[in-house]
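Working notes, beginning with the structure itself.
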Amino acid sequence: MGSIWQDSIPLELLSEIFKHLPRRDLYCCYQVCQKWKRAVDNAELWSKFVIYVDRDFVEKTTSTLTNHFFRHIRSLQFGWHTPLVHNRWLPLRVHDLTKKVVHYIFFLTENNVQINSFKLFDWYELYPFRKIIYHLSRFLKYQTKLRTLIFHNLVLPKSECVKILDSSIGFDNALTYFEVHNYFYNFNTVFDSEIFLKYLRRLRCLKKLKLDYFILSRNDVIDIIVESEVQQKTLELLEIIIDDTDIHSAVIPSVKWRKFKKLCSYVHLSFVIKNICHYEQLEFIFMMGELPLKSFSLMCGSKYNQTKSRNLRLTLSKMIEKYYKTLEYVSLDLRNNKENLESTLLRIIYQCVKLKRLVFDGIVNENMQLFYEICVYGETARGLSVKILPHKYKSLMNIVHIYG
1 MGSIWQDSIP LELLSEIFKH LPRRDLYCCY QVCQKWKRAV DNAELWSKFV IYVDRDFVEK
61 TTSTLTNHFF RHIRSLQFGW HTPLVHNRWL PLRVHDLTKK VVHYIFFLTE NNVQINSFKL
121 FDWYELYPFR KIIYHLSRFL KYQTKLRTLI FHNLVLPKSE CVKILDSSIG FDNALTYFEV
181 HNYFYNFNTV FDSEIFLKYL RRLRCLKKLK LDYFILSRND VIDIIVESEV QQKTLELLEI
241 IIDDTDIHSA VIPSVKWRKF KKLCSYVHLS FVIKNICHYE QLEFIFMMGE LPLKSFSLMC
301 GSKYNQTKSR NLRLTLSKMI EKYYKTLEYV SLDLRNNKEN LESTLLRIIY QCVKLKRLVF
361 DGIVNENMQL FYEICVYGET ARGLSVKILP HKYKSLMNIV HIYG
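Residue 1 is where the sequence shown starts when you use UniProt numbering, and the numbers rise one by one after that.
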């Protein structure tokens, strides 16, 4: 019966099912029969490869699967699964772990694995792991197809960051996407230095740039972006990530934004605001003059925090008053907020003349008045998409209104 059942499932369906399995189960499926082996040998299953240093090298599954399917890898992500938790076993096995990871990277380098996307995330810094950074840098140095480079929570000493940057952003790089987002920055970080400016100038093919506000507010960063764009004219998106650590950061002078608006008017400027809700905490944004802001996202914390003042209604009102002429996309992830913002949502829809998309996840009234107003407005709206995700309505979890 088992053999009949295995033969009756199409190969394409098997591959689709295997996409939802963890790596260890895929390894077991690979050994079942020849048909399942062919289904596992699917490029879509292995094109994006995520490596957790503290989890994937405890046993040999990851290394074995890489030996079989390394030719399919196009996107590589390297980091820690639990970077802030000091595992009890780690101090005892740090050298053994380093040896395994270095051997793994060496295998990728020797087999000339070419990737188009690389992400280094949540790096747990220990001195022996600098050997891993060295071999990662060596691997990146030989990449000729790299187009996407992402650093998330990369808390490394300046010297180690320079190794990664120098190998991935060479003079002949063709990066089109570059992103840096950290939860905090160490003293004397590489992202607040002349060294980083040197690498920023090398990004001549960039289409999408996403940086923390901390980096963008450093001296000359925005000037370099504008000067480079005047020459290359390739940038399509500049996304600025703002969180509660940026409240006391330096304010970018309005004269720089006027220059950006004049010379880079076609660039889509976006703000992603995390864990800042009160308008007084966002005052530094309102002080930056007339920004050509086309989209912004506002996200609350994962839990409702009563120690922080919010007043989201007034915060959003100020954003509308300031940027209603340019806003095209608004996303509000406020599921842990207790304010009712229906009137504010309608104000966004009615006053933002260029609005194309509004996404809201938060509290709405049970009388469905908001949905009625949107439907009435939809009779005359053109090209506007409104997505409401009221989390307390289980049956209405994904209501989408598209008016065209």
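The C-beta atom is built at its ideal place from N, Cα and C for all residues, glycine as well. Quick caveat: nothing in here was measured; it's all calculated off a predicted structure.
- Burial is judged here by how many other beta carbons sit within 10 angstroms of a residue's own beta carbon; residue 160 has at least 16 and is buried.
- Residue nearest to residue 260 within the set 189, 292 and 385 is 292 (criterion: CA-CA distance).
- Apart from sequence neighbours up to five positions away, the residues of its chain that approach residue 108 with a beta-carbon distance below 7 Å are 70 and 139, ordered along the chain.
- In this structure, the straight-line span from the alpha carbon of residue 231 to that of residue 262 is close to 14 Å.
- Taking the CA atoms as reference points, residue 334 sits about 19 Å from residue 385.
- Excluding five sequence positions before and after residue 207, the CB atoms of its chain that fall closer than 8 Å to its own CB belong to 176, 177, 234, 235, 236 and 237, given in chain order.
- Of the candidates 195, 228, 10 and 49, the residue whose Cα lies closest to the Cα of residue 35 is 10.
- Around the CB of residue 17, fewer than 16 other CB atoms lie within 10 Å, so the residue is classed as exposed.
- One Cα belongs to residue 41, the other to residue 144, and the distance between them is close to 25 Å.
- Between residue 200 and residue 221, the C-beta gap is smaller than 9 Å, which places the two residues in contact.
- In the DSSP assignment, residue 115 falls outside any alpha helix (DSSP H) and carries neither an H nor an E.
- When the beta-carbon positions are compared, residue 123 and residue 154 come within less than 9 Å of each other.
- Residue 180 is positioned such that its CB atom lies no closer than 9 Å to that of residue 131.
- Assignment of residue 364 by DSSP, reduced to helix, strand and coil, places it in the coil class.
- Beta-bridge partners assigned by DSSP to residue 212: 241.
- Judged by beta-carbon spacing, residue 284 lies within the 9 Å limit of residue 251, meaning their Cβ atoms are closer than that value.
- In the structure shown, residue 74 falls within a coil segment according to DSSP collapsed to helix, strand and coil.
- For residue 351, same chain residues with a beta-carbon under 7 Å away, outside a window of 5 residues either side, are 320 and 324 in chain order.
- According to the DSSP secondary-structure assignment, residue 179 is paired through a beta bridge with 150 and 210.
- In the DSSP assignment, residue 319 falls within the alpha helix (DSSP H) that extends over 312-323.
- Closest option to residue 300, judged by alpha-carbon separation, among 51, 328 and 243: 243.
- By the neighbour-count criterion, in which 16 or more other beta carbons inside 10 Å mark a residue as buried, residue 343 falls on the exposed side.
- Beta-bridge annotation (DSSP): residue 331 is paired with 297 and 359.
- Between residue 340 and residue 364, the CB-CB gap stays under 9 Å.
- When DSSP reads this structure, residue 268 sits in a beta bridge with 237.
- DSSP lists 75 as the beta-bridge partner residues of residue 48.
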